[in-house]
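Visitor: Attaching a single structure in structure tokens format; questions to follow.
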Amino acid sequence: MNVGVRRMARFAAATALASSLAYMLTAGGIAVAQAPAAAQNPAGAKPQAGAKPQERMVVDARELVYDKDNNTVSAVGDVQILYQGRTIEADKVVYDRASKRVVATGNARITETNGTVISGDHFNLTDDFRDGFIDSLRVVNPDKTRFTAPRGERTDGETFIFDKGIYTACEPCKDNPERPPLWQVRAARIIHKKSEQTIYYEDARLEFLGVPMAYLPYMSAPDSTVKRKSGFLSPKFLNTGALGYGVGLPYFLNLAPDYDLTITPTYLTRQGLLGQVEWRQRLVNGAYKIRATGIFQQDQSAFLATPLGAGDKEFRGSIESNGKFYLNPRWSFGWNVAMSTDRWFYKNYRVANESISSTTYLQESISTVYLNGQSETAWFDMRGYYFQPLTSTDWQKQQPVVLPVIDYDKRVNKPSFLGGEITFNANVTALHRDATAFQEIPQQKTYLVTTPSYSLYDGCAVYQKSTCLVRGLAGNTARATAEVSWRRNFIDPIGQVWTPYASLRADVFSVNPSTTGYANAKAATIADASDEMFGRAMPAIGLMYRYPFVAKTSWGTHIIEPVAQIIARPNETSSLRVANEDSQSLVFDDTNLFEWSSKFSGYDRLEGGTRANVGARYTGRFGTDGYANALFGQSYSIAGRNSFARGDLVNTGLDSGLDTARSDYVARAQISPFKNFVLTGAARLNESTFEAQRIDAAATYTNSIFTATIGYGRYEPQPDLGIPRRREGLSLNGSVLVAQNWRVRAGVLFDLDKYKYDREVWRASYAAGTATIATYPNTTPFQTASTSFGVNYTDECTIFDVSYTQNYADKQVSGTAKDTRTIMFKLELKTLGQITYSQNLGGSSTGDGVTQ
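Just so we're aligned, residue 1388 is where the sequence shown starts under my numbering, counting upward by one.
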């Protein structure tokens, strides 16, 4: 048979089957069939006039067989039927006219409108292909989840019943498809009700690599199409000495499409029932949530008493809320607030809190409410802050309530009368503090509260400027600042870049110190304790010069750019009258060497006098991926009073490298000789000896298999700021892909200066007669501050992670008396949920407010 004859035969078969099915289905009032597009409506096979396009059937097959005795019509060979969005494919399809059943055999497969693929050895379906029985059933959903069963049934077009079914979200092994997946759920029956978006498992067990690991007589779970559905969420487990063993079982209530409620009761064997309720709601212009947690403690003796813990409290709890709303496309309003009955609650009961800011030296909960607006050239932000310290070493009364903080920034590009850019900045800050915050220098040895067992809250032995800093005054402090500045770039014919600059800034201060209350009166010996309002003004003019030189060599392109800047201002005034609240942190480095407005970090202090800043920049490109950039420079106080040599109430500016006529040198470099490898470094060097005062360096290498980072930091003492010891550390972190999907990670942090501190403590103890020669510390420079180790497995259906961390005890730095060792475990099975577990190993520290 030649090609033309074969095509005509296939055309005739398809047309005949389509006509037959059209007649049968139309007689039942179901649909009208249609032949393939290339041969529509021949031989009288015309659709009825009222047929809907989506109800038409398209049939393609190699041949057609009529069996009048059995009253069947069969399509044989590469059969494909398109009907109501479904595609049915098989080697053979038989339509029984009497029973109105369709039987498909041989590589049978149905592709649903949503992309779900149903395959099996034998299909026995109704004539609309919605219901029926399937042997050797396999279902693959669009999200790659899959069901298999020796036999399955579909009813009502939406409920699948899998006898002896298996469910998994893991893809089969490409090399060995018969091998069990990483995990699967095997059950006597699996019922998938699409209308409920729920999968029910009867007499089920969870298997890993074919090995049963857990038995569940009955369970249900939402299917992969569910975004929100009421039901139990994954349980949470924890174990600590103070709480005992605990398990929490969250229940999610999908009350409406725009709001929901989650209730999480957690039973703790030592403390009883911890309750938590979380409400979430999404509105037209934003969303918010509120969460409340509380417990009536059964064993209060597990915690230290006030002021080291909350052992004297029967009820403990917290309330948190955050939200954000868009008033219009440019303006938004929001908040992130949290309050707890005590500062140890979040950590003791493992309550997550988005407002917590945690570093090695500072742990606090920061609550804020804000209003923000922005456009292409302007920005406005108004907010308030409340700080709650989370360790016993901080006193709540010394924490400021800051309300409001208002910032406004406006930029005008290329004004017609000047060109360049005009910038307007404004800031208003007001705060209140109940108790003055002191710090003893050069080293903290005196505290406001001292008992035989503990010392709390920084104080001073002698309240005078040379030995005591005032971190914050009690009472009310407010400041309003406005500044306008202009600058413009000019490029001359030989490529030199000239940037003139001019600015005018004005500040108004209102200071109302409080001298009542514990230790507040002591501030009067250091600061002016009288109520006053005063102002200051600071005009400035400046000029920056840059001249980039470009050179091309056989190994790269190089740009060397000398930079010189001079800014003239009158002397700073009232530096000793200012209660410095926002400019206490001053780090002189390459980032602020050429700062126009001020090298101070905030508004309370400003730079005065005439200063010149000089340096050179280098940028290089090597080959395809290599590059380098560097900067080296220095600052000079050339006229007027050096603001950085005149300390305020917290001595900001002293020991900064800017407090001499010639500043320390600052340098920064970044080098990447080849792809994936980067070296970075920054330093501040003494202006006369070139001895390093500050060093930050890192080396990073990353590829698809291996990642490694080495970090090093060294900071010399700053006794005028209350930092009497050098700080030096080395960190090593890395991860390795040890096998497909498996990655091992580890990290260690060394305190390279700890051994010096240990020996200082011993010498002091020996002089006091409380130590002997036998107790002399023989520690080495490589003292471990923390270590971590973890293993992670991630593939398309599973995330498994286990990690161990240990933070070593350091009473001076973190207030801990014992090492903190924690193990964390996480297992996430796609579509089924996740389990997390964390446990502290060994005893807890007194810094947590825990007795044991």
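Note that beta-carbon positions come from the ideal geometry of N, C-alpha and C, so glycine has one too.
(1) Going by other Cβ atoms of all chains shown within 10 Å of its Cβ, with 16 needed for buried, is Asp1454 buried or exposed?
(2) Helix, strand or coil: which one does DSSP assign to Lys1711?
(3) Mind checking which residues open and close the alpha helix (DSSP H) that includes Lys1369?
(4) Measure the Cβ-Cβ separation of Arg2004 and Leu2018 and say whether it is below 9 angstroms.
(5) Just the Cα atoms here: how many angstroms apart are Phe1981 and Arg1820?
(6) Could you check how far apart the C-beta atoms of Thr1498 and His1509 are, in whole angstroms? I think they sit under 8 angstroms.
(7) Alpha carbon to alpha carbon, what distance is there between Val1489 and Ala1462?
(8) Please report the Cβ distance between Arg2055 and Asp1977, rounded to the nearest whole angstrom; I am assuming they are in contact, meaning their Cβ atoms lie under 8 angstroms.
(9) Report the option in Trp1885, Asn1528, Val1756 whose CA atom is closest to the CA atom of Gly1502.
(10) To the nearest angstrom, how far is it from the Cα of Gln2105 to the Cα of Ser1611?
(11) Roughly how many angstroms separate the alpha carbons of Pro2164 and Gln2193, rounded to a whole number?
(12) Pairs of beta-carbons, one from the stretch 1876-1886 and one from the stretch 1826-1840, closer than 8 angstroms: are there three or more?
(13) For Asp1781, tell me which candidate among Asp1729, Ser2050, Asn1800 has the shortest Cα-Cα distance.
(14) According to the neighbour-count rule (16 or more other Cβ atoms, all chains shown, within 10 Å of its Cβ), is Asp1645 buried or exposed?
(15) Rounded C-beta distance between Gln1663 and Arg1678? I'm assuming under 8 angstroms.
(16) Helix, strand or coil, according to DSSP, for Ile2160 in the structure here?
(17) For Pro1537, which option in Leu2136, Asp1550, Glu1545 has the closest C-alpha, if you only look at C-alpha atoms?
(18) With C-beta atoms as the reference, is Arg1717 less than 9 angstroms away from Gln1761?
(19) By the 10 Å Cβ neighbour count, where 16 or more other Cβ atoms means buried, how is Ala2161 classified, buried or exposed?
(20) Can the beta-carbon of Arg1992 be found less than 9 angstroms from the beta-carbon of Val1950?
(21) Would you report the Cα separation of Arg1615 and Asn1641, rounded to the nearest angstrom?
(22) At what residues does the alpha helix (DSSP H) containing Val2148 begin and finish?
(23) CB-CB under 6 angstroms to Ser2173, same chain, minus the five flanking residues each way: which ones, in chain order?
(24) In the DSSP assignment, what are the bridge partners of Ala2003?
(25) Could you say which of Arg2049, Phe1720, Arg1956, Gln2080 lies nearest to Tyr2023 if we only look at CA atoms?
(26) Nearest to Glu1540 by CA position, among Lys1711, Arg1525, Tyr1470, Lys1531, is which residue?
(27) Name the two residues that bound the continuous alpha helix (DSSP H) containing Asn1735.
(28) Would you mind working out which of Gly1996, Tyr2014, Asn2038 sits nearest Ile2025, comparing C-alpha positions?
(29) Ordered along the chain, which non-local residues of its own chain (more than five positions away) have a Cβ less than 8 angstroms from that of Ala2155?
(30) Output the boundary residues of the beta strand (DSSP E) element that contains Trp2129.
(31) Which one or two residues does DSSP pair with Ala1674 in a beta bridge?
(32) What did DSSP end up calling Gln1663 once you bin it into helix, strand or coil?
(33) State the DSSP-derived secondary structure class of Gln1786, mapped to helix, strand or coil.
(34) Assess, as a yes-or-no matter, whether the stretch 1843-1859 is touched by the stretch 1888-1904 under the definition of 3 or more beta carbon pairs within less than 8 angstroms.
(35) Grab me the residues of Leu1670's own chain with a C-beta within less than 8 angstroms of its C-beta, minus the 5 sequence neighbours each way, in chain order.
(36) Around the C-beta of Ala1924, are 16 or more other C-beta atoms found within 10 angstroms, so that it is buried, or is it exposed?
Guide: Looking at the atomic coordinates:
(1) It counts as exposed.
(2) Note: Lys1711 maps to strand in three-state DSSP.
(3) Because the chain here runs from 1388 to 2239, residue 1369 falls outside it and cannot be looked at.
(4) Yes, these two residues count as a Cβ contact at 9 angstroms.
(5) Those two C-alpha atoms are separated by around 35 angstroms.
(6) Thr1498 to His1509, Cβ: 18 angstroms. No contact.
(7) So the alpha carbons of these two residues sit roughly 11 angstroms apart.
(8) So it is a contact: roughly 4 angstroms between Cβ atoms.
(9) Looking at the Cα atoms, Asn1528 is the closest of the given residues.
(10) When the Cα atoms are used, Gln2105 and Ser1611 turn out to be separated by approximately 58 angstroms.
(11) Near 22 angstroms, if we compare the C-alpha coordinates of Gln2193 and Pro2164.
(12) No, because fewer than three Cβ pairs between the stretch 1876-1886 and the stretch 1826-1840 fall closer than 8 angstroms, the two stretches do not touch.
(13) That would be Asp1729, whose Cα lies nearest to the Cα of Asp1781.
(14) With fewer than 16 Cβ atoms within 10 Å of its Cβ, Asp1645 is classed as exposed.
(15) So it is a contact: roughly 7 angstroms between Cβ atoms.
(16) Of the three classes helix, strand and coil, the one that applies to Ile2160 here is helix, per DSSP.
(17) Of the listed residues, the one whose Cα sits closest to Pro1537 is Asp1550.
(18) Yes, the pair counts as a contact, with Cβ atoms nearer than the cut-off.
(19) Counting of Cβ neighbours within 10 angstroms places Ala2161 among the exposed residues, the total staying below 16.
(20) The answer is no: Cβ separation not under 9 angstroms.
(21) Looking at the two C-alpha atoms, the distance is approximately 6 angstroms.
(22) Going by DSSP, Val2148 is part of the alpha helix (DSSP H) stretching over 2141-2154.
(23) Non-local beta-carbon contacts of Ser2173 in its own chain, meaning distances under 6 angstroms to residues more than five positions away in sequence, involve Leu2136, Asn2194 in chain order.
(24) Under DSSP, Ala2003 takes part in a beta bridge, and its partners are Pro1949, Phe2019.
(25) For the residues Arg2049, Phe1720, Arg1956, Gln2080, the minimum Cα distance to Tyr2023 belongs to Arg2049.
(26) Of the candidates Lys1711, Arg1525, Tyr1470, Lys1531, the one whose C-alpha sits nearest the C-alpha of Glu1540 is Arg1525.
(27) In the DSSP assignment, Asn1735 falls within the alpha helix (DSSP H) that extends over 1732-1735.
(28) Relative to the Cα of Ile2025, the nearest Cα in the group Gly1996, Tyr2014, Asn2038 belongs to Gly1996.
(29) Scanning its chain for C-beta atoms nearer than 8 angstroms, with the 5 sequence neighbours on each side dropped, one finds no residue around Ala2155.
(30) Unbroken beta strand (DSSP E) run through Trp2129: 2129-2138.
(31) Arg1669, Lys1711.
(32) Residue state, collapsed to three classes: strand.
(33) The answer is coil: DSSP assigns Gln1786 none of H, G, I, E or B.
(34) Using a Cβ-Cβ distance cut-off of 8 angstroms, the stretch 1888-1904 and the stretch 1843-1859 are not in contact, since fewer than three pairs of beta carbons, one from each stretch, lie closer than that value.
(35) Beyond the five residues adjoining it in sequence on each side, Leu1670 comes within less than 8 angstroms, by CB distance, of Asp1645, Phe1712 in the same chain, given in chain order.
(36) Note on Ala1924: under 16 other CB atoms within 10 angstroms of its CB, so exposed under the neighbour-count rule.
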